[in-house]
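As structure tokens, the structure follows; a few thoughts come after it.
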């Protein structure tokens, strides 16, 4: 049954939150691998060889998770909460998700596209309504929903101050998380602080700056790795993941670990 905009059964915030940091379910005496499903946009999505060195932070997330937690990256370029739902992409996740799994949701960049009715949402109405569809869908399957404010773009003023670019969407997500009793990863605030610490010049290698393109939204491997580190630290801080489920948070991650598959048939 398609989720769409229809109400789904809510398993209850108390039950869902009790799943945070819990040991993996056991199957025939062996722990079942816990899956973190990622719903989001191009900042998190899997990239392919024709896009290298562009890198979604979801590609680097497994570097910080133990083998008992796997990542199922369903983030797709150009999607908003609206277009992701309209295309049935949440339905595909809910078909596969199991009790004890996680659904991590990060949208906002494309919800801002006011000129595109297929993607635009208003932050305090339709955007929040759509976030609740993700939350209720996960809970209806006994999984734990987690909301993550969108990672900030690279934008500085003349004085070198990192600027916010995401309008009211991060605040609207924070309000939804609080009202729905959902763990919140404040990636927007943390990434903005990181860009500020690094400054205008040192942030360039983190973003998709090449000889032919100066992209201040998408990442090169260093940026994807550092955003994935922020996300994992927030999963740990909010007790969504237990310490035993994370690794290497204080370690340097070689950028040559990032790879870009060329299998066109695997592109979503």
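Residue numbers (my numbering): 796 to 1063.
By construction, the Cβ of each residue, glycine as well, lies at the ideal position given by its N, Cα and C atoms.
*What residues in its chain sit with their C-beta under 8 Å from that of residue 882, if we drop five residues either side in the sequence?*
874
_Suppose you measure from the CA of residue 858 to the CA of residue 1020; what does that come to, to the nearest Å?_
8 Å
*Starting from residue 841, trace the beta strand (DSSP E) both ways and give me its first and last residue.*
Premise fails: residue 841 is in no beta strand (DSSP E) and is neither H nor E.
*For residue 852 versus residue 1023, is the C-beta distance shorter than 8 Å?*
yes
*Given a threshold of 16 other Cβ atoms within 10 Å of its Cβ, counted over all protein chains shown, does residue 869 qualify as buried or as exposed?*
Burial check for residue 869: the Cβ neighbour count within 10 Å reaches 16 or more, so the residue is buried.
*May I have a chain-ordered list of the beta strand (DSSP E) segments no shorter than 3 residues that lie completely inside the region 841-929?*
864-868, 897-901
_Nonlocal neighbours in the same chain, by C-beta distance under 8 Å from residue 844, ignoring five residues either side_ = 1055, 1056, 1057
_Cα-Cα separation between residue 893 and residue 866, rounded to whole angstroms_ = 13 Å
*CB residue 946 to CB residue 926, shorter than 8 Å?*
no
*Reducing DSSP to helix, strand and coil, say where residue 1051 ends up.*
helix
*DSSP on residue 965, reduced to helix/strand/coil?*
helix
_If you reduce the DSSP assignment to three classes, tell me which class residue 955 lands in._
coil
*asked:* Based on DSSP bridge pairs, tell me the residues matched to residue 941.
replied: Note: residue 941 sits in a beta bridge opposite 899.
*What is the DSSP secondary structure of residue 976, reduced to helix, strand or coil?*
coil
*Report yes if the C-beta distance between residue 898 and residue 855 is below 8 Å; otherwise report no.*
no
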